[in-house]
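One structure is given below, encoded as structure tokens.
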């Protein structure tokens, strides 16, 4: 077996490894959309606001959630930070997309992005977090269907209602407004897979190129 054939076989093994790795990543990520989001705290009146509460209206909220794009759009993962307080998903939850809905804000016909998810985290002054909601409503032109959006309209487009709520036991609630909701581009692993494949093919092309001395022969 000559050197060129050996290089070709070696390159084939590398490309196959990257390809299968990329397929595994694609399978793991297939059927899910990740969203990043941010907002502010606007109301702490009904929050766990006894002495020592960590919440106030100068704080911001940020987080990320991954949602399956099949079935009832279940939320697969969620992490949120409000000030110095963090919590994660637990139990059930889903995203609801409503298109051309005339029942929520009659007589207006609106579109809606709504998320609800049970959450867990450290208790605050004896009150435990129970679930998070996001309720974004805007004109009927925002969505074309009830499909989970891969791109989200500008947050300012949701001009009918823009609110998130962190609900605690005992009827306590932290209320805020969303400032951002964005669908994340392709996962970094998939991008790296593509870049790695291109690089390997480039290396292979270089190894297959005849040497100058051979051309002169």
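In the working numbering, the protein residues as written are 4 to 220. Backbone N, C-alpha and C fix where the C-beta goes; we use that ideal spot for every residue, glycine too.
Next item on the list: Hey, could you find the ends of the beta strand (DSSP E) residue 62 is sitting in?
Entry: Following the DSSP letters along the chain, one finds residue 62 in no beta strand (DSSP E), marked with neither H nor E.
Next item on the list: Report the three-state DSSP secondary structure of residue 158 (helix, strand or coil).
Entry: The answer is helix: DSSP assigns residue 158 an H, G or I state.
Check: residue 83 lies in the beta strand (DSSP E); which residues open and close that run?
Finding: Residue 83 -> beta strand (DSSP E) spans 78-85.
Check: Taking all protein chains shown into account, do 16 or more other C-beta atoms lie within 10 angstroms of the C-beta of residue 188, making it buried, or fewer, making it exposed?
Finding: Its Cβ having fewer than 16 others within 10 Å, residue 188 is exposed.
Check: Grouping DSSP H, G and I as helix and E and B as strand, with all else coil, what is residue 172?
Finding: Residue 172 falls in the helix class under three-state DSSP.
Next item on the list: Give the range of the beta strand (DSSP E) segment to which residue 75 is assigned.
Entry: No residue range can be given for residue 75, since it is assigned to no beta strand (DSSP E) and is classified by DSSP as neither H nor E.
Note to self: By the three-class DSSP mapping on this structure, what secondary structure does residue 89 have?
What the structure shows: Here residue 89 sits in strand by DSSP.
Check: Which residues mark the beginning and the end of the beta strand (DSSP E) in which residue 118 is found?
Finding: Counting along the chain, the beta strand (DSSP E) containing residue 118 begins and ends at 113-123.
Item checked: Straight-line gap, residue 67 to residue 37 (C-alpha atoms, nearest Å) -> Near 7 angstroms, if we compare the C-alpha coordinates of residue 37 and residue 67.
Check: Once you ignore the five residues that flank residue 93 on each side, which residues in its own chain have a CB closer than 7 angstroms to its CB?
Finding: Taking C-beta separations shorter than 7 angstroms and ignoring five residues to either side along the sequence, the partners of residue 93 in its chain run 121, 122, 123, following chain order.
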